[in-house]
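**Q** Shown below is the structure under consideration.
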Amino acid sequence: MKEFKVTYFFDEEHYIRRFIHTESQEKAENLIQSERDKYISFQDGRGIYHELNTGDVRVVQISEFHRGNKS
Numbered sequence: 298m299k300e301f302k303v304t305y306f307f308d309e310e311h312y313i314r315r316f317i318h319t320e321s322q323e324k325a326e327n328l329i330q331s332e333r334d335k336y337i338s339f340q341d342g343r344g345i346y347h348e349l350n351t352g353d354v355r356v357v358q359i360s361e362f363h364r365g366n367k368s
């Protein structure tokens, strides 16, 4: 499973990040496309719960994320 970072931008200064796990970039894109104009809920990397209306988002970015070893 790969990890993908999804960033939802509302304007130039405000955004929310979400991390998803799926097999490929294509599947990550399909998931995000299926959530268009819907309410979704998730916890961010800090454990904070979010409910998001994807219809209010101006830009969505998806990229594969590689966690570095923090030791």
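Residue numbers are given in my numbering: position 47 of the sequence shown equals residue 344, and the series is strictly consecutive.
Every residue gets a Cβ at the ideal spot worked out from N, C-alpha and C, and that includes glycine.
Values in this document were obtained by computation on a predicted structure and should not be read as measured data.
Quick one: give me the first and last residue of the beta strand (DSSP E) that S338 is part of.
**A** From DSSP, the beta strand (DSSP E) with S338 extends over 336 to 340.
**Q** Could you check if I329 is buried or exposed, using at least 16 other CB atoms within 10 Å of its CB as the buried criterion?
**A** Result: buried.
**Q** How is the alpha helix (DSSP H) around E326 delimited, first residue to last?
**A** 322 to 331 is the extent of the alpha helix (DSSP H) around E326.
**Q** Taking Y336 as the reference, which of K324, S321, F301, L349 has the closest Cα?
**A** Minimum Cα distance to Y336 is reached at L349.
**Q** Are the CB atoms of T304 and Q358 within a distance shorter than 7 Å?
**A** In contact: Q358 and T304 (Cβ atoms closer than 7 Å).
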